[in-house]
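The structure appears below as structure tokens.
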DNA sequence: CCGACTTTGTTCTTTGTCAGAACATTCGTG
DNA sequence: CACGAATGTTCTGACAAAGAACAAAGTCGG
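Chains as they are written, first to last, in our numbering: chain A, 3 to 408; chain B, 3 to 408.
In structure tokens:
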């Protein structure tokens, strides 16, 4: 039950049913590809004539294409329909604290080529660098295929409407508009988004075909900070100030270690990668000491994880404590949003077999109901490049999204 | 950007634009009443002919009615349209721990008559009692007006689809189906809903005409427990298990007092009315002692509030501590959902002038951004009967909700 | 090999709504 | 009292949805 906003509604016209049904059809093909017109007609409960009509338009638009006919037990052999993905390209860019990743993918997120370079914080240097690299990538691998846009993923708050980066502390960016100069430099539409939200979008829109895709879930990223992309009713929750999902700064204790946010005992000071590495090194965690200590120590979270996997007791213990606090944090999410699942991303997921029992036990101990205790917690490995997949989703998803009416 | 759920979509038909535009029209009348056809045509950017056609259908349905013509500076005098509310009745029922309230209202929530009786937990006795009382109310005040349904508000989790009360600890109900027997007894549709959600629905659907109605907010109820109704994008968030919004059991400290939920240091053990009264009495709070102590002490939360308003230091202090913790709890809501406003309901709001500065200060100290710190916190007085208004909204809102497509 | 049957896909006709023009109504004004 | 201006109604054309009829392309059994 949704309330109509009488200040910004979209009135239906004579072509509205067409728009809606085209979009439903497109999504049915996406999720059941390959699929025949007759099967689509059955699923949509419309006549085959209508399907012919609608598919013709989508094929003309270049959204679908016809494949071969396939065998059928009897009767005329159906002609299969596919979503056009392989010759529609997307540039996904993931800007992180130390490195920036650029990936050329097709429309469904398959990687074609990837590059990395040291992150450049200065916009005046970054944009030309991106410009040459993107042009090279497209010249080398683009062939005759068209690039449909750029998805830029940033570790910080992004304004959904303008695409401005409101605040990205790791890059020192505040109210930075990278969208406009990049669009001018490359002549392609640029979509900018916060990393956890982009990861959530990838999960929702680029799931493996056939897999049940959740429409109510939370994607929690564990890296230098803790972020979350919240999806409710198949829609991302941004909140009034684009700052929804800051579960990293929910306090677990009133008197815990100080946090950069000004609070104390935030989830982040117990479970961020910085905190885990500090714990491994046997040092008290504080944001200041962590920044100073870690680079000099030469120990990274990946190192801690691999030592834990190798069985080193100190590393295992450090991760166990992280898991316990993470479980406490996730149970806050379960209590407040009751999602159908929680996806956890970040380097520590490589050691998921060690973490999971502890996380689950912690959640079970704190859950209000049995069903809440059983909320699936799903790891996503860093090797799947979730942020870059998110970049692709930023460009491709809008073309599959539900039209907005009323 | 919403994802289409390909397992449960609603296909558009030839009548879809009509359905959508009828609903937009109805809502425009609701919010701008009285309003003429010509004005509606301008607001919807359609021809006046279309408006005549659509309003004729709504008038035939009994959703609108024509009022008098009014003066205009020049030209033909416009004929005003109104939403039919005064002769469409709703029975709102609020079942609470000690008392049950029944209110007969019109469609927009105006009270016509009200009754109270001691709550009966036994369903076999409760349903006949409600049956006779509702029949009497309708016979006395109903006149020739039609009652459109019953909105039943319950302190506990309710399954959105079946209307079953899954768990209402204050009433000792577990998987209780009150909807079916009540519908059979009275021959009217019955809508059952959890109290904080019902309050949120009332806020969204029965706001004063002209007031800006929020579509992203959280309604927090402070009573024997802490509950919350979460509204995102104009839709209530129920979560997988109808247990979203349990902010009352978010822990503020890891080692605080035990809570009934099995956790420790939950928001509820610091800010519920039981906790506040215990604090006033100078007793350590625990759920068991509170239940035992409070009835014998004879002190209620209303008493503590009125003593605080009279300036009694102990009462003022008890409420200040509650306010401090409540501020901490609300800042969790702000961080995780970033709503455009938070509405606080419950007896303690009578002392809002004392509470507000403390709550605001606590939120400001914990907020991540200036805008988050400025999130409006709005009190709703118990004297406005928010739960009963919620009961009315349960019946009337569905008739104004946006149709679901794609 | 051929006709009966089955299923897919296309084309054509009917139906009903949207959209906009034309028209009727009702007021103020010179 | 004609005229302009605004509101409200009616009429007509255009066009998409719905569904029937038809064409296409296969299997199967005799």
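Positions of the beta carbon are idealized from the N, C-alpha and C atoms, including for glycine.
Between residue i and chain B, is any beta-carbon pair separated by less than 8 Å?
{"i": "residue 345 of chain A", "result": "no"}
{"i": "residue 161 of chain A", "result": "no"}
{"i": "residue 251 of chain A", "result": "yes"}
{"i": "residue 418 of chain A", "result": "Nothing can be reported for residue 418 of chain A: it is not among the residues displayed for chain A, which extend from 3 to 408."}
{"i": "residue 47 of chain A", "result": "yes"}
{"i": "residue 334 of chain A", "result": "yes"}
{"i": "residue 368 of chain A", "result": "yes"}
{"i": "residue 166 of chain A", "result": "no"}
{"i": "residue 237 of chain A", "result": "yes"}
{"i": "residue 13 of chain A", "result": "yes"}
{"i": "residue 140 of chain A", "result": "no"}
{"i": "residue 234 of chain A", "result": "yes"}
{"i": "residue 207 of chain A", "result": "yes"}
I'd like the list of long-range same chain contacts for residue i, defined as Cβ closer than 8 Å, with 5 residues on each side in sequence excluded.
{"i": "residue 131 of chain A", "result": "119 and 122"}
{"i": "residue 6 of chain A", "result": "408"}
{"i": "residue 140 of chain B", "result": "91, 93, 106 and 149"}
{"i": "residue 295 of chain A", "result": "280, 283 and 285"}
Does chain A have any CB closer than 8 Å to the CB of residue i?
{"i": "residue 259 of chain B", "result": "no"}
{"i": "residue 25 of chain B", "result": "yes"}
{"i": "residue 60 of chain B", "result": "no"}
{"i": "residue 408 of chain B", "result": "yes"}
{"i": "residue 86 of chain B", "result": "no"}
{"i": "residue 340 of chain B", "result": "yes"}
{"i": "residue 263 of chain B", "result": "yes"}
{"i": "residue 7 of chain B", "result": "yes"}
{"i": "residue 3 of chain B", "result": "yes"}
{"i": "residue 22 of chain B", "result": "yes"}
{"i": "residue 399 of chain B", "result": "yes"}
{"i": "residue 29 of chain B", "result": "yes"}
Using 8 Å for Cβ pairs, my map puts residue i next to residue j. What's the rounded Cβ distance?
{"i": "residue 282 of chain B", "j": "residue 320 of chain B", "result": "4 Å"}
{"i": "residue 94 of chain A", "j": "residue 153 of chain A", "result": "5 Å"}
{"i": "residue 409 of chain A", "j": "residue 253 of chain A", "result": "The structure shown does not extend to residue 409 of chain A, since chain A is modelled only from 3 through 408, so no value can be given for it."}
{"i": "residue 224 of chain A", "j": "residue 232 of chain A", "result": "At roughly 16 Å, the Cβ-Cβ gap does not stay under 8 Å, so residue 224 of chain A and residue 232 of chain A are not in contact."}
{"i": "residue 235 of chain B", "j": "residue 237 of chain A", "result": "6 Å"}
{"i": "residue 250 of chain B", "j": "residue 265 of chain B", "result": "That pair is no contact at about 10 Å."}
{"i": "residue 390 of chain A", "j": "residue 193 of chain A", "result": "13 Å between Cβ atoms; not a contact."}
{"i": "residue 178 of chain A", "j": "residue 125 of chain A", "result": "6 Å"}
If I measure Cβ to Cβ from residue i and keep anything under 6 Å in the same chain, skipping five residues before and after, which residues do I get?
{"i": "residue 143 of chain B", "result": "106, 114 and 115"}
{"i": "residue 157 of chain A", "result": "170, 172 and 197"}
{"i": "residue 334 of chain A", "result": "252"}
{"i": "residue 209 of chain A", "result": "215"}
{"i": "residue 102 of chain A", "result": "119 and 121"}
{"i": "residue 147 of chain A", "result": "89 and 91"}
For residue i, go through chain A and note every residue whose CB falls closer than 7 Å to its CB, in chain order.
{"i": "residue 405 of chain B", "result": "408"}
{"i": "residue 99 of chain B", "result": "None at all; the shortest Cβ gap to chain A is about 19 Å."}
{"i": "residue 269 of chain B", "result": "What residue 269 of chain B touches in chain A: nothing, since even the nearest Cβ is about 10 Å away."}
Please go through the same chain and pick out, in chain order, the residues whose beta-carbon is closer than 7 Å to the beta-carbon of residue i, but skip the five residues on each side of it.
{"i": "residue 325 of chain A", "result": "357, 360 and 361"}
{"i": "residue 24 of chain B", "result": "56, 59 and 60"}
{"i": "residue 18 of chain B", "result": "407"}
{"i": "residue 405 of chain B", "result": "21, 22 and 25"}
Quick one: which chain A residues come within Cβ less than 9 Å of residue i?
{"i": "residue 16 of chain B", "result": "19"}
Residues of chain B with a CB under 7 Å from the CB of residue i: which are they?
{"i": "residue 337 of chain A", "result": "248, 251 and 252"}
{"i": "residue 255 of chain A", "result": "255 and 256"}
{"i": "residue 354 of chain A", "result": "Going along chain B, no residue has its Cβ under 7 Å from residue 354 of chain A, so there is no contact; the nearest lies around 22 Å."}
{"i": "residue 217 of chain A", "result": "5 and 7"}
Taking Cβ-Cβ distances shorter than 8 Å, what residues in chain B pair up with residue i?
{"i": "residue 35 of chain A", "result": "Neighbours of residue 35 of chain A on chain B: none; closest Cβ ~12 Å, over 8 Å."}
Can you list the residues of chain B that residue i reaches, using a CB-CB cut of under 9 Å?
{"i": "residue 373 of chain A", "result": "242, 243 and 245"}
Give the interface partners of residue i over in chain A, defined as CB-CB distance under 8 Å, in chain order.
{"i": "residue 91 of chain B", "result": "Those do not exist, as residue 91 of chain B stays about 21 Å from chain A at its closest Cβ, beyond 8 Å."}
{"i": "residue 275 of chain B", "result": "Ordered by position in chain A, no residue passes the 8 Å Cβ test against residue 275 of chain B, which lies about 20 Å from the chain."}
Checklist entry - Between the region 66-83 of chain A and the region 26-41 of chain A, do at least 3 Cβ pairs fall closer than 8 Å? => result In short, these stretches touch, since the Cβ pair count reaches three.
Item to check | the region 165-183 of chain B contacting the region 305-313 of chain B, beta-carbon criterion three pairs below 8 Å | outcome: no
Checklist entry - Is the region 25-36 of chain B touching the region 3-17 of chain B in the sense that three or more CB pairs, one from each, lie closer than 8 Å? => result Because the criterion of three Cβ pairs below 8 Å is not met, the region 3-17 of chain B and the region 25-36 of chain B do not touch.
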